[in-house]
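The structure appears right after this line, and notes come after that.
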Amino acid sequence: MAVRASRQLRRRVADVKVTNRTDKSLGDIVPGVRRAIYFDATEGSAQLSLGAAEIDPGKEIPVHRHKIGDRYVEEAFFVIEGEGEVRVGDQTSRIRPGSFCVMSPADGFHSIRNTGSTTLKFVMCFAGTEVQMERKAEHS
0 MAVRASRQLR RRVADVKVTN RTDKSLGDIV PGVRRAIYFD ATEGSAQLSL
50 GAAEIDPGKE IPVHRHKIGD RYVEEAFFVI EGEGEVRVGD QTSRIRPGSF
100 CVMSPADGFH SIRNTGSTTL KFVMCFAGTE VQMERKAEHS
């Protein structure tokens, strides 16, 4: 019985995938904004995407929302470094290191701007894989 439990535990541990921030380069979205997706369907994740982004001082991620096919998905993120603001509709919220944020509802347009003097860095998560960014101009 103990051997069987040990094998099951080993199997679960073998399914864990670990990557490091330096394993992938951040790619430009727009000038001054970079991101990389570390886990999604291509990396073996079945139900979520996890990535990192950086925004240079004074720059912003344009107004957008996220979708998978015809379904919109929420985005959550955690600020590691820097200061900024998040805009969802007519609501603006300040963010700083340690801030957790969820963009809701899923079909709501939002933007993130660096208001500080250093690079704004955050980890982001989406409720699904193969997530596409739909900019407001593309939707109008």
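Residue numbers (numbering that gives the first Met the number 0): 0 to 139.
All C-beta atoms, glycine included, are put in the ideal place defined by N, C-alpha and C.
Looking only at DSSP bridge pairs, what is residue i linked to?
i	result
residue 111	60, 85
residue 134	63
residue 55	Paired residues: none, contrary to the question.
residue 50	36, 123
residue 93	84
residue 74	102, 125
Assign residue i to buried or exposed, taking buried as 16 or more other Cβ atoms, counted over all protein chains shown, within 10 Å of its Cβ.
i	result
residue 19	exposed
residue 120	buried
residue 52	buried
residue 50	buried
residue 16	exposed
residue 130	buried
residue 29	exposed
residue 66	buried
residue 136	exposed
residue 80	exposed
residue 101	exposed
residue 57	exposed
residue 93	exposed
Would you check whether the ligand SAH has a heavy atom nearer than 6 Å to the C-beta of residue i?
i	result
residue 129	In the structure shown, the ligand SAH is absent, as is every other ligand, since no ligand is present at all.
What span of residues does the beta strand (DSSP E) with residue i cover, start to end?
i	result
residue 43	No beta strand (DSSP E) holds residue 43; DSSP gives it neither H nor E.
residue 23	No beta strand (DSSP E) contains residue 23, which DSSP labels as neither H nor E.
residue 142	As shown, the chain starts at 0 and ends at 139. That puts residue 142 outside it, with no answer to give.
residue 101	99 to 102
Query raised in the report: Do three or more CB pairs link the region 104 to 113 to the region 37 to 47 at distances below 8 Å?
Result: The answer is no - the region 37 to 47 does not touch the region 104 to 113, with fewer than three Cβ pairs under 8 Å.
Report task. Check whether the region 118 to 137 touches the region 73 to 89, counting contact only when three or more Cβ pairs, one atom from each stretch, lie closer than 8 Å. Result -> yes
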